[in-house]
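Accompanying notes for the structure given below.
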Amino acid sequence: MISADMKKQEGTKTDTEEAKRRQQDEYLARQKNDSSKHTTKANSSRRLSKKFGINHVSAWQILREDLGLKPYKFQKRQKLTANVKMKRKERAGELLKRLSRG
Numbered sequence: 001m002i003s004a005d006m007k008k009q010e011g012t013k014t015d016t017e018e019a020k021r022r023q024q025d026e027y028l029a030r031q032k033n034d035s036s037k038h039t040t041k042a043n044s045s046r047r048l049s050k051k052f053g054i055n056h057v058s059a060w061q062i063l064r065e066d067l068g069l070k071p072y073k074f075q076k077r078q079k080l081t082a083n084v085k086m087k088r089k090e091r092a093g094e095l096l097k098r099l100s101r102g
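Quick note on numbering: the sequence shown equals residues 1 to 102 in the UniProt record's numbering.
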C-alpha cells in the first residue's frame, strides 16, 4: 500500500506512457481540426512538432500511423495539356519506327 503510493508520487513508467499518449491524442485532435494541415513548407512535421510542443519523432508517428499521411516532397512539373499529349504520342511512334528499322 505504501509502495503503491510512493510509485504514484514518483511517476511510474506507465504513468509517463499514459501522459505521452494523452499528449499525442491531444495533438491528433488539434491536427484534425487544424485547417492548415495541407503539406507546405510552413507546415512541415518538424514545424508542427514545435507548434504543438511534442517530439518530432512522435509527430511523424502520429502523422503516419494515426492520420495515414505519407511523407513526400511536392515536385513541380509541367502541365500536361491535350496538345502536349498528342505531340508525345507522335514522337513515341516515330521513335518506335526508327528503332524497329534497326
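Where a beta carbon is used, it is the ideal one built from N, C-alpha and C, also for glycine.
All of these numbers come straight from a predicted model, not from anything done at the bench.
Taken atom to atom, the span from the alpha-carbon of residue 20 to that of residue 28 is near 12 Å. Here residue 23 carries a helix assignment [DSSP, helix/strand/coil].
Remark: C-beta atoms of residue 45 and residue 24 do not approach each other more closely than 9 Å. Distance from the CA of residue 67 to the CA of residue 30, rounded to the nearest whole angstrom, comes to 12 Å.
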